[in-house]
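Residue numbers (my numbering): 4 to 308.
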């Protein structure tokens, strides 16, 4: 078995780079891993099924490593070094670098879902509409200063200026159409730097679709606050719709930009399928919030008009 260490020096504030993680990995018993980066060529062909690819970076870097690991059947390990680190939250990874490297050395694994769309994948969330703005426009000094709160600040700054877009959203159990401020299709339970989706997990075999209608800013903030405090999916609200399914599609009247795991990737229409348990990762066992049957049975109650 070979350990591969791939670091993104541009991730987060840049303080957790290769030398930082090499020292902690060595203390945990992982000596002299193969070091490389995504800009180099040739090393990907050497990955074998028994290998572990350790990625030090943000969610975009993790996405690239996940594609490689799933293709090769290798194990993915995460050293969170980005701004949002939502996939690390989905895995419930230790926050202390020492504990995290010891977990990698122990070889404890779990399997998680992967969302497939076209020729790409995502592990956290794909956005259409208002939710794409942070990935498209935030960054630079502001991103480094505010960290994950950049996403919230950017959304609040633009909230009152959007009228939304028309789209039809389809899952196995139903269809909804209307004008939307944003549509998010999530494979896990966290996005946008720690925002949690109620009743979701990274290994339940389901996609969670969150669609938000254009509303006055105070109504939106109140609804988001109520969902966050209750930790339950919204039911019969005029502002937010929460749908579940293994497959979903978003069809807009005009092509709209789609972002996935923080990067601009394509335009609508967006068709997504959840591939259950298709990626092996280092991490403690995550207990699903409910099996697929229970989730599907609850879909009609979450439809809102």
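Ideal placement from N, C-alpha and C gives every residue a C-beta, glycine not left out.
Going by DSSP, which residues form a beta bridge with residue i?
i: residue 57; result: 8 and 80
i: residue 254; result: 171
i: residue 114; result: 283
i: residue 260; result: 270
i: residue 119; result: 124 and 276
i: residue 50; result: Bridge partners of residue 50: none, in fact.
Could you spell out the range, first to last residue, of the alpha helix (DSSP H) harbouring residue i?
i: residue 21; result: 21-30
i: residue 90; result: 89-93
i: residue 70; result: 62-75
What's the C-alpha gap between residue i and residue j?
i: residue 36; j: residue 56; result: 10 Å
i: residue 100; j: residue 29; result: 12 Å
i: residue 21; j: residue 41; result: 14 Å
i: residue 38; j: residue 65; result: 16 Å
i: residue 106; j: residue 26; result: 15 Å
i: residue 52; j: residue 261; result: 32 Å
i: residue 144; j: residue 282; result: Summary for residue 144: the model assigns pLDDT 40, below 50, so the residue's position carries little reliability, and this model does not support an answer.
For the beta strand (DSSP E) that contains residue i, what are its first and last residues?
i: residue 190; result: Unbroken run through residue 190: none, as it is neither H nor E.
i: residue 102; result: Counting along the chain, residue 102 falls outside any beta strand (DSSP E), though it belongs to the alpha helix (DSSP H) covering 100-109.
i: residue 211; result: 210-215
So, using beta-carbon positions, are residue i and residue j closer together than 8 Å?
i: residue 78; j: residue 112; result: yes
i: residue 220; j: residue 186; result: no
i: residue 263; j: residue 93; result: no
i: residue 190; j: residue 117; result: yes
i: residue 72; j: residue 172; result: no
i: residue 210; j: residue 167; result: no
i: residue 216; j: residue 180; result: no
i: residue 214; j: residue 183; result: yes
i: residue 59; j: residue 24; result: yes
i: residue 174; j: residue 128; result: no
i: residue 194; j: residue 89; result: yes
i: residue 87; j: residue 265; result: yes
Distance cutoff 8 Å, beta carbons only. Does residue i sit that close to anything in chain B?
i: residue 102; result: Structure shown: chain B not included; a single protein chain is present.
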